[in-house]
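Trainee:
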């Protein structure tokens, strides 16, 4: 079993289904998006540059998407918390996934790399 598969399979429902759906949304967004594992969590890269992660909050057990360059993204549902650069989008696994919001944020995050705001090495 691959490390990424183990991450998803180890989660209980409804988080497992939610995370797998988020994974599909992210991977289908652009042909240049790939998945790997960093720090024990699924990491998604655009042209080999990390742009987001999937994780589950330890206290609330809510899945979330962490945007690496979140400081450049503006949306009322994004949380910065104590982070300086990254922001998260919590997703309630028991409700409908806000696909339009997620796709918009993914597009905005990837656009930072496409337009050169964030350099790709």
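Residue numbers (the numbering used here): 148 to 268. The C-beta atom is built at its ideal place from N, Cα and C for all residues, glycine as well.
Within a Cβ cutoff of 6 angstroms, which residues of the same chain sit near residue 240, ignoring the five residues on either side of it in sequence?
Mentor: In the chain shown, the residue the question calls residue 240 occupies position 93. Result list for residue 240: 161, 162, 165 and 210, in chain order.
Trainee: Inspect the CB distances between the stretch 228-244 and the stretch 183-197 and report whether three or more fall short of 8 angstroms.
Mentor: They do not touch, by the three-pair rule.
Trainee: Would you call residue 169 buried or exposed, if buried means 16 or more other Cβ atoms sit within 10 Å of its Cβ?
Mentor: Residue numbering aside, residue 169 sits at position 22 when the chain shown is read from its first letter. Under this definition residue 169 is a buried residue.
Trainee: Is residue 230 helix, strand or coil by DSSP?
Mentor: Position 83 of the chain shown, counted from the first residue, corresponds to residue 230. Coil at residue 230, not helix or strand.
Trainee: Is residue 148 helix, strand or coil by DSSP?
Mentor: Within the chain shown, numbered from 1, the residue matching residue 148 stands at position 1. Below a pLDDT of 50, predicted positions are generally treated as unreliable, and residue 148, at 46, falls in that range; the measurement from the model is reported next regardless. Here residue 148 sits in coil by DSSP.
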